[in-house]
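**Q**
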Amino acid sequence: MPNVVFHRNGQTFHGEIKENTNLVVRAGIRQFPYPNFLYGCGMGKCGKCAALIIKGAEHLPEPNWKEKKRLGARIEAGYRLACQLWLTHDVELSQEATPLADVVAPDKGRLTP
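Under the numbering used here, the first residue of the sequence shown is numbered 1, with each subsequent residue one higher.
1. Let me know the secondary structure DSSP gives Lys55 once reduced to three states.
2. Buried or exposed: which applies to Glu67, given that a residue is buried once 16 or more other Cβ atoms fall within 10 Å of its Cβ?
3. Tell me which residue opens and which closes the beta strand (DSSP E) that Arg8 is part of.
4. Which one or two residues does DSSP pair with Gln84 in a beta bridge?
5. Look up Gly72 in the DSSP assignment and say whether it is helix, strand or coil.
6. Would you kindly check if the distance between the Cβ of Gly44 and the Cβ of Gln11 is under 8 angstroms?
7. In the DSSP assignment, what are the bridge partners of Tyr79?
8. With a threshold of 16 other CB atoms inside 10 Å of the CB of Lys48, please say whether the residue is buried or exposed.
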């Protein structure tokens, strides 16, 4: 079973999940051991679940069109939308204190849900 290491606000959380688990789905049904995990629509539209993948990116599928549209160049920096990922391997990820949805993108203006 995959292990997840999650960093947020200076804290680190460790947990084991079943293979082929989506973290946003788990958080939505309250079966998730990570407090303060940010998520919103669960469909790749709002960007609130954006996370920097620290380890394990090589086991993730290529970014889909929703991630490319919402994240743009941030994909190259290692960001992914957690709602679009079904985890099958160990992963370490971090969410910034400010959700991606609240960050101003120079080419698109304010990214809001």
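Glycine included, C-beta positions come from ideal geometry on N, C-alpha and C.
**A** This is what the structure gives:
1. Lys55 falls in the strand class under three-state DSSP.
2. Residue burial annotation: Glu67 is buried, with at least 16 other C-beta atoms found within 10 angstroms of its C-beta.
3. Counting along the chain, the beta strand (DSSP E) containing Arg8 begins and ends at Asn3 to Arg8.
4. Partner(s): none; Gln84 has no beta bridge.
5. The three-state secondary structure of Gly72, taken from DSSP, is helix.
6. No, these two residues do not count as a Cβ contact at 8 angstroms.
7. Within the DSSP bridge table, the entry for Tyr79 names Leu52 as partners.
8. Lys48 comes out buried.
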